[in-house]
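Before any comments, here is the structure.
Chains as they are written, first to last, in our numbering: chain A, 1 to 322; chain B, 1 to 322.
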């Protein structure tokens, strides 16, 4: 949760002057999104989210992110849609930072997803992969496998501080992943941050996805691996295989996986756990004291890594076909 | 702005089970209120604010605060109204903390109020004083004049750290205020925290007041003094006498001030500046690093104190009658 940027009523008025949305009725900073500042805006014509893009989002990537959201909404995927101003622009700026107004998406995220939520989330992810098919832009995954070793080279000291001996263990992860990383899996647009905070429900029914600011071009199965890590571990660090199977079943009801994709999921999940461990390790130290953001514990992902290290035999997810 | 407490979807469901508001549709932590955690909740039957009371609000004071809000709303004052559950309860609890659901109040707060806003804010404050007339409960101002000397006794070291020599200057303020503090002014329910963040507008028209969690029984003119400090200083520390006169004119259009009240405003404003200086000085050091809250700068109020020290002759506010 984060509200880094403060928007005054005057700045809001200046921004809204470019749109045909009527006068503002209410405007509140909301604790949603880790990377950006988000505001819930109500105007005479409806409700919107104003997202102000901070540090990690590069303005040159915005046409991809916003174009994707618009494409998905036009292809009946439940997600927020960017709103164009009178000149047709969706990429705007406020207080010298890039920003965009998107439609308000109702729904609640769940803190501790149950098996039914995991099934629905799997279905929602497959629908995203399907709806994005044909989207004409692409974007490399700059937090993909090739990025991890150079990232970790700068974080070794912090890893040792976190847990003595950890640097060698992570080096072994990197070597294992480099040797075993699958290539040639079916690829396309992936969300790459499909965590419970970013998925909305009505009751137990999937209601939509938010926060496409890590979306990129990568293997679909990598997106599933990120989601399995995020949704199917219990608070005590154990992996809930029933939830994982439900998520895969929900996914496959829309887009069946190939044998190669199924077989790759354990190593992809090992890599995906490393990716989130590394960025959390970085943020853990980089977050200034007093910032309006609570850095996420990197150790949560080190515990998930340990589970993956212990189960390289593909049994873990029940994903190996007989 | 603060979101201290995290509410899970399950905790929300448990809370809502006591109410007849239908299923939740959306739920977001909002950056509003310094002392409490606030969430914007939409259910099938409308929009509400869930306030979870943290540290400074004592649960034994809640019947006063919530009762006052209900009284004011019933007397046509524009403010959020507490919502009773099926058993008629408005004081609830979540995650072991007291909480309440109140109706959503639309409107925008202004960052840099203009003269027109000050006039309207004055009118809104007088309407509050009038609407509260007859409210059967009372509550001592535990941050009133009698509290300042004991508070400062514990903060002297911090004042010196902030600005060497400041402790003696504040001691002189305390002596001056003790000798000159008015008694027998017309009293009743005051808001006691009537800052621009707590007042909503539609355009330049007053739209309502929020955050009654410092409300207490005190001189009406003290409430005006708090508001003059909060609304009528420019960012450069200068006092905008045009804005102050507009605020008083707006107030008097609803509730004319007596000569004694007018004459007392400068010393009340001096004291009100000290009250906010002291609590900010306390919070400045007490806020843990990494908390989801940005402590307010005590020096802003020390600069206001300096203005009051220099203008004890009643000329400052143009409030002395010829």
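All C-beta atoms in this analysis are idealised placements derived from N, C-alpha and C, irrespective of residue type, glycine included.
Under the three-state reduction of DSSP, which class applies to residue i: helix, strand or coil?
i, result
"residue 5 of chain A", "coil"
"residue 92 of chain A", "strand"
"residue 29 of chain A", "strand"
"residue 54 of chain A", "coil"
"residue 155 of chain B", "coil"
"residue 323 of chain B", "In the structure as shown, chain B begins at 1 and stops at 322. Residue 323 of chain B is therefore absent and cannot be evaluated."
"residue 35 of chain B", "coil"
"residue 271 of chain A", "helix"
"residue 279 of chain B", "helix"
"residue 292 of chain B", "Any reading at residue 292 of chain B must be qualified, since the residue scores a pLDDT of 47, below 50, and its modelled position is unreliable; the value itself is stated next. In the structure shown, residue 292 of chain B sits in coil (DSSP, three-state: anything other than H, G, I, E or B)."
"residue 122 of chain B", "helix"
"residue 44 of chain B", "coil"
"residue 298 of chain B", "helix"
"residue 186 of chain B", "coil"
"residue 164 of chain B", "coil"
"residue 310 of chain B", "coil"
Of the residues the options, which one's Cα is nearest the Cα of residue i?
i, options, result
"residue 6 of chain A", "B:109, B:45 and B:41", "B:109"
"residue 238 of chain A", "A:119, A:29 and A:307", "A:307"
"residue 139 of chain B", "B:159, B:173, B:192 and B:92", "B:192"
"residue 251 of chain A", "A:189, A:223 and A:240", "A:223"
"residue 216 of chain A", "A:104, A:259 and A:187", "A:187"
"residue 39 of chain A", "A:9, A:148, A:85 and A:155", "A:9"
"residue 154 of chain A", "A:12, A:305 and A:283", "A:283"
"residue 168 of chain B", "B:181, B:149, B:180 and B:255", "B:149"
"residue 64 of chain A", "A:135, A:270, A:105 and A:243", "A:135"
"residue 344 of chain B", "B:261, B:91, B:94 and B:242", "Any property of residue 344 of chain B remains undetermined from this structure, which presents chain B solely from 1 to 322."
"residue 128 of chain B", "B:170, B:185, B:199 and B:97", "B:199"
"residue 214 of chain A", "A:179, A:142 and A:95", "A:142"
"residue 298 of chain A", "A:45, A:161, A:253 and A:262", "A:161"
"residue 301 of chain B", "B:228, B:51, B:76 and B:23", "B:228"
"residue 176 of chain A", "A:268, A:262 and A:130", "A:268"
"residue 278 of chain B", "B:173, B:194 and B:116", "B:173"
"residue 260 of chain A", "A:50, A:234 and A:180", "A:180"
"residue 100 of chain A", "A:246, A:16 and A:156", "A:16"
"residue 80 of chain B", "B:96, B:87 and B:72", "B:72"
"residue 41 of chain A", "A:147, A:166 and A:24", "A:24"
"residue 225 of chain A", "A:28, A:205 and A:144", "A:144"
"residue 249 of chain B", "B:123, B:85 and B:233", "B:123"
With burial defined as no fewer than 16 other Cβ atoms inside 10 Å of the residue's Cβ, what is the status of residue i: buried or exposed?
i, result
"residue 208 of chain B", "buried"
"residue 132 of chain A", "buried"
"residue 183 of chain A", "exposed"
"residue 43 of chain B", "buried"
"residue 14 of chain B", "exposed"
"residue 137 of chain A", "exposed"
"residue 70 of chain B", "buried"
"residue 37 of chain A", "buried"
"residue 304 of chain A", "buried"
"residue 266 of chain B", "buried"
"residue 55 of chain B", "exposed"
"residue 58 of chain A", "exposed"
"residue 164 of chain A", "exposed"
"residue 262 of chain B", "buried"
"residue 35 of chain B", "buried"
"residue 218 of chain A", "buried"
"residue 271 of chain B", "buried"
"residue 258 of chain B", "exposed"
"residue 398 of chain B", "Limits of chain B in this structure are 1 at one end and 322 at the other, which puts residue 398 of chain B out of reach."
"residue 275 of chain A", "buried"
"residue 235 of chain A", "exposed"
"residue 157 of chain A", "exposed"
"residue 246 of chain A", "buried"
So is the beta-carbon of residue i under 7 Å away from any non-hydrogen atom of the ligand NAP?
i, result
"residue 62 of chain A", "In the structure shown, the ligand NAP is absent, as is every other ligand, since no ligand is present at all."
Check the C-beta distance from residue i over to residue j and give it rounded, since I have them as a contact under 8 Å.
i, j, result
"residue 296 of chain B", "residue 280 of chain B", "5 Å"
"residue 113 of chain B", "residue 121 of chain B", "7 Å"
"residue 201 of chain A", "residue 107 of chain A", "6 Å"
"residue 68 of chain A", "residue 189 of chain A", "6 Å"
"residue 19 of chain A", "residue 102 of chain A", "12 Å between Cβ atoms; not a contact."
"residue 196 of chain B", "residue 231 of chain B", "6 Å"
"residue 210 of chain B", "residue 31 of chain A", "The pair is not a contact, with the Cβ atoms about 18 Å apart (cut-off 8 Å)."
Item to check | Residue ranges of each beta strand (DSSP E) within the segment 57-113 of chain B, 3 or longer | outcome: 92-94 and 97-103
Item to check | Sequence ranges, beta strand (DSSP E) only - wholly within the segment 193-268 of chain B, length at least 3 | outcome: 199-202, 205-209 and 216-219
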